[in-house]
Structures are given as structure tokens and as C-alpha cells.
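Working notes, structure below.
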Amino acid sequence: MSLLLRNNLGLRAALSNVICSRKVSTTPQLLSDQLVVHRDTPDNNPDIPFQFTEANMKRLTALVQNYPEGSQVSAISMAMDLVQRQIGWIPISAQHKIAELLSMPRMRVYEWATFYTMCKRTYRGKFNVKVCKTTPCMLRGSDIILRAVEEATCCCVGSVSPDKMFGVDLVECQGACANAPVLVVDDDYYEDVTVSDVYNIIQTLKSGGIPPCGPQSGRYAAEPACGLTTLLTCPPPPGYCVQPALFKG
Ligand code: FES
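Quick note: the sequence shown, position 139, residue 139 per the UniProt record's numbering, numbers continuous.
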């Protein structure tokens, strides 16, 4: 057997060992009816009334006034966001309320709601836990983080925990790749997370606390994990290296 062939066989055996020992991350199947179709359920149907709170109604009125007469529909994203912040998700009756308030066809609201994945059209738990699965996070072990999240919350990805406290979602890049792997709970980012960080974060949420967000590794921000390698000295003062002739006399 040639040396090249032997090397190739060795490489293939090593690769298959790696693949067998590590779960390959796969995207859960989202059927088209889950993505774009609304089906009435006892918890989500047009007969369940929705009202903005007084404070949110005031906010929406102020936001609508930012747009010129006739373009109030542009406030739709703010209206959707207000609903989601008020009750955690956007039921069909809230979509109808927005259509009514912004004088727009309901279909335009449905289009918006089904286009943006951050718009939650089903209840996603008191805390919506999102695990980033895009390449940098995947290379830093997001599949292992996801398994820890599922175990800690007793909730599979795409569903809500039996106590309705957690909903777990897989998401694309959250824009914090330098601090991968990243976990997002509602609006709070937890970066550089390890499996034990996941259990601590979920346990703190369960006991009513708010875990400190940001890098969990002790990093201040996105500086190199092994310490600074550049910008080691204080920056020079204004005027550094400027020709003397350019200084004001
Ligand atoms: S890839 Fe996870 S935050 Fe960018």
C-alpha cells in the first residue's frame, strides 16, 4: 500500500472518530405552516382581546407622530416591539389591534409578523433563551451549550418548558462572535459561556434573580482572551507627531 493511501486512510479514521464523538449541529425542521401560517388555538385566536397598557399606548402615540401624515404605517415595527415587551409575544389579536390603530390592512401586519424571526407569534416562556448556532459559536461548542440549556431548562429547542418559564430557540449570529459561544436571554447577552455558566444562569433565573450579563470569562469586553497584545501603552496626547508649523502660534 502506498504511503499516500495509508495516510489518507489514517486521516479518514481520525475524522470519523471526531465526528462520532461530537454531535453534529443540525437545524430543527421548521415546517412551512409553522413559519407563515396562523391556526386558531384556544390561547391564540381573534376572540381574545388585546389592549396596550396606558403607558405603551402613550409611547405608541408619540412614536406614530415621528412620521409624516399618511406614513403612520411605518411605526409598525415599534408597535410590534411594544406588544412583545408588554406580554412577551405577539398574538393574532394584537396584530389586529395594530392594523386598526395604524389604519392598515391586516394582511400587511401578517406579512411583517411572518417575515421577521425576532417576532414571536407563539408564547416563548417567561424567559426566551436563544442559543447562537452560527459558525464562530458552533466552532466554540454551541452544540454542547445547547444541550446544557435544554437540560437545565427541561425544554427542547423550539418548545416551552413544562412550567412555562423558559422557551429555547436556536438563532443565527447575534453579532458578538468575538465572545463566542453566546447565549441571549430576552435582551441580555451572556458571552464566553461554559456549560457550568449555563447551569448558573438558568438556576439564577429560576430563583428569581438576574444573572450579570456580558462575558462570563472575566474579560471586560472583546479583548484577546490571553490579555492585551496591542495598545499596551497610554495613547499619546492630542498633537502627537503634528508638524510644529501646524500648531497655532
Ligand atoms: S456567531 Fe454567534 S454571535 Fe456571531
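Just so it is clear, CB atoms sit at the ideal spot from N, CA and C, and this is done for glycine as well.
Between residue i and residue j, what straight-line distance do the alpha-carbon atoms span, to the nearest angstrom?
i, j, result
"residue 182", "residue 218", "15 Å"
"residue 69", "residue 60", "15 Å"
"residue 89", "residue 58", "20 Å"
"residue 86", "residue 52", "8 Å"
"residue 114", "residue 83", "15 Å"
"residue 81", "residue 63", "12 Å"
"residue 152", "residue 121", "24 Å"
"residue 106", "residue 99", "5 Å"
"residue 139", "residue 177", "11 Å"
"residue 50", "residue 97", "7 Å"
"residue 193", "residue 137", "10 Å"
"residue 220", "residue 235", "19 Å"
"residue 308", "residue 40", "Residue 308 is absent from the structure shown; the chain starts at 1 and stops at 249."
"residue 75", "residue 116", "15 Å"
"residue 196", "residue 119", "30 Å"
"residue 112", "residue 184", "23 Å"
"residue 73", "residue 241", "53 Å"
"residue 200", "residue 228", "28 Å"
"residue 209", "residue 165", "13 Å"
"residue 56", "residue 79", "9 Å"
"residue 203", "residue 36", "34 Å"
"residue 239", "residue 226", "32 Å"
"residue 222", "residue 45", "44 Å"
"residue 126", "residue 205", "10 Å"
So for residue i, helix, strand or coil by DSSP?
i, result
"residue 115", "helix"
"residue 191", "strand"
"residue 232", "coil"
"residue 66", "coil"
"residue 41", "strand"
"residue 71", "coil"
"residue 221", "coil"
"residue 243", "coil"
"residue 202", "helix"
"residue 61", "helix"
"residue 155", "coil"
"residue 176", "coil"
"residue 197", "helix"
So residue i packs on residue j, CB below 8 Å; how close in whole Å?
i, j, result
"residue 103", "residue 48", "That pair is no contact at about 22 Å."
"residue 167", "residue 129", "7 Å"
"residue 150", "residue 160", "That belief does not hold up - the Cβ atoms of residue 150 and residue 160 are roughly 12 Å apart, past 8 Å."
"residue 101", "residue 131", "Actually they do not touch by this definition, with Cβ atoms about 35 Å apart."
"residue 179", "residue 215", "5 Å"
"residue 172", "residue 134", "5 Å"
"residue 187", "residue 123", "Residue 187 to residue 123, Cβ: 18 Å. No contact."
"residue 189", "residue 213", "6 Å"
Bridge partners of residue i, per DSSP?
i, result
"residue 214", "190"
"residue 170", "131"
"residue 183", "131, 190"
"residue 160", "167"
Using a Cβ-Cβ cut-off of 8 Å, state whether residue i counts as contacting chain D.
i, result
"residue 142", "Among the protein chains of the structure shown there is no chain D, as only one such chain exists."
May I have a chain-ordered list of the alpha helix (DSSP H) segments no shorter than 4 residues that lie completely inside the segment 74-146? Within the segment 74-146, the complete alpha helix (DSSP H) runs of at least 4 residues are 76-87, 92-101, 106-115, 135-139.
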